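Numbering (the working numbering), first residue to last: 3 to 463.
Single-structure report; data block below.
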């Protein structure tokens, strides 16, 4: 055997999807990206993502399930957990002791939340006090257009939906930054210190209430506007969830339009891939779950996070309906924890190790482990389950790659994988490589998006 033949037989090479994809499949991937961009634009918070996904599910015959409802073989259901987490499932024909097939992603993203008592006036401006949510570079959130999304629950328990700043004729919101002419001291600080958390105050307005002179006239005028438009009072902020998110639409990047810029790729890109795979796959044998969880960016705690027992409760209900042993079902189940990874960025090569990084257009990325430093905070999938995933991806013609999250000791991150793995369910992270992760405007490849969708289809086919 020649050296060339031996290299071809034995060596591993991480290839671009462009090397193998057909023109027809390339066209399908670009068309799929258009529908994904709509999902991004209409689902900028976890509540909006859940609402959008429910509408998609109901069009495909899924019905709402509440704990204790009857579950039948062949049924297609969704559980809406407080409007912020969604669990979709369809019940297959084969014995459940063979195991369920689980896909789990999160739909919350880093953002700027309003404090519970946010409104104040200072030096001619009406302002909102904020508390940032998730891991952000604070300086990236200044001097960009922001929209206000969320809900306000009034004293009579009426829920008021808020969305201001997305339409072209609506006002936006804004966090100021210091002009370079006066920023000598600021620019001498580290990036982490240049903008403080308490400095992320949002400009809301500047016009005073002019009917009569009064203290706090700008603040009063803003309260008047909110009351006239939404019927809310200042006390209602105490029971509100309001977030400032980038007021920018998803857009194609580049002359070839091969990439997508948008807010919230992490991790709505995986959420959309898994639910569309669920909707588009006709297999009636397998019992399949698709989880869209909340609170991943803050540790997955709380009633709508992946550490909540609600998924385990629903799995137990399905087991009871099928007459299956819950413990056996868990032991034989399989999960793809859907989350993104850090794409190799030629502008910042120093933090990534080339042989073990993921690359743009090289397909869906498998992450055997995440965590930090000595693999702290990760489930670290078994070699056997990793091999199982490799096998079905290859059989389905899915372009895939393997990567870890940056150089050893550089930092790290986590996903929801460990919470499923802690239930004695084999779990592996799969997802899309992302550029500028956690920035107000992230970037992904259309081919990587499509290959992630294709991977989920292969998993549950």
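Where a beta carbon is used, it is the ideal one built from N, C-alpha and C, also for glycine.
The structure displayed is predicted, hence computed values, not measured ones.
Cutoff 6 Å; reference residue i; Cβ partners in own chain excluding five residues on either side
i	result
residue 78	63, 64, 92
residue 83	306, 312
residue 43	251, 252
residue 133	115, 117
residue 401	19, 365, 453
residue 406	358
residue 1	Nothing in the structure corresponds to residue 1, since the chain is present only between 3 and 463.
residue 355	409
residue 155	161, 241
residue 398	460
residue 427	332, 335, 337
residue 39	252
Sheet register partners of residue i (DSSP bridge)
i	result
residue 201	Beta-bridge pairing links residue 201 to no other residue.
residue 133	115
residue 104	291, 337
residue 90	80, 292
residue 51	Beta-bridge pairing links residue 51 to no other residue.
residue 122	129
residue 307	296
residue 484	Only positions 3 to 463 of the chain appear in the structure, and residue 484 is not among them; the question remains open.
residue 65	79
residue 432	340, 368
Same chain, Cβ closer than 8 Å to residue i, neighbours up to 5 away in sequence not counted
i	result
residue 430	337, 338, 339, 368, 369, 370, 383, 387, 388, 391, 419
residue 462	103, 105, 279, 280, 283, 285, 288, 290
residue 362	261, 345, 346, 435, 437, 447, 450
residue 142	441, 442
residue 144	177, 178, 179, 197, 202
residue 189	182, 196
8 Å Cβ cutoff, residue i in contact with chain D
i	result
residue 254	No chain D is present in this structure, which holds just one protein chain.
Own chain, CB closer than 7 Å to residue i, minus 5 neighbours either side, in chain order
i	result
residue 208	126, 127, 128, 220
residue 138	112, 440
residue 210	219, 220, 223
residue 51	45, 109, 270, 273, 294
residue 32	448
residue 212	none
residue 22	401
Check whether residue i and residue j have beta carbons under 8 Å apart
i	j	result
residue 335	residue 102	yes
residue 345	residue 442	no
residue 444	residue 264	yes
residue 16	residue 130	no
residue 153	residue 162	yes
residue 108	residue 296	yes
residue 175	residue 197	no
residue 122	residue 300	no
residue 342	residue 433	yes
residue 185	residue 166	no
residue 99	residue 326	yes
residue 423	residue 378	no
residue 69	residue 292	no
residue 54	residue 66	no
residue 309	residue 360	no
residue 199	residue 140	yes
residue 28	residue 56	no
residue 239	residue 159	no
residue 425	residue 314	yes
residue 75	residue 60	no
Proximity test, residue i beta-carbon vs the ligand PLP heavy atom, cut-off 7 Å
i	result
residue 205	In terms of ligand content, the structure shown is empty, and the ligand PLP therefore cannot be addressed.
Item to check | Contiguous beta strand (DSSP E) assignments of at least 3 residues, all confined to the segment 137-177 | outcome: 148-155, 161-166
Next on the checklist: Restricting to runs no shorter than 4 residues, where is the alpha helix (DSSP H) found entirely within the segment 376-430?
Outcome noted: 385-397, 419-423
Next on the checklist: Just to confirm the assignment: which complete alpha helix (DSSP H) runs, minimum length 4, are found wholly within the segment 325-381?
Outcome noted: 328-334
Checklist entry - Would you call the segment 239-256 and the segment 43-57 touching, i.e. three or more CB-CB distances under 8 Å? => result yes
Checklist entry - Does the segment 316-327 touch the segment 297-307, meaning 3 or more C-beta pairs lie closer than 8 Å? => result no
Next on the checklist: Would you call the segment 401-421 in contact with the segment 364-379, where contact means no fewer than 3 C-beta pairs closer than 8 Å?
Outcome noted: yes
Item to check | contact_flag[the segment 249-262, the segment 437-455] where n(CB pairs < 8 Å) is 3 or more | outcome: yes
Item to check | the segment 264-273 touching the segment 282-289, judged by at least three CB pairs closer than 8 Å | outcome: no
Checklist entry - Counting Cβ pairs closer than 8 Å, one from the segment 104-117 and one from the segment 225-236, do we hit at least three? => result no
Next on the checklist: Quick check for students: name the residue ranges of the beta strand (DSSP E) that lie wholly in the segment 189-271, counting only runs of 3 or more.
Outcome noted: 204-207, 242-248, 253-255, 261-264
Checklist entry - When the Cβ atoms of the segment 456-463 are set against those of the segment 272-282, are three or more pairs found closer than 8 Å? => result yes
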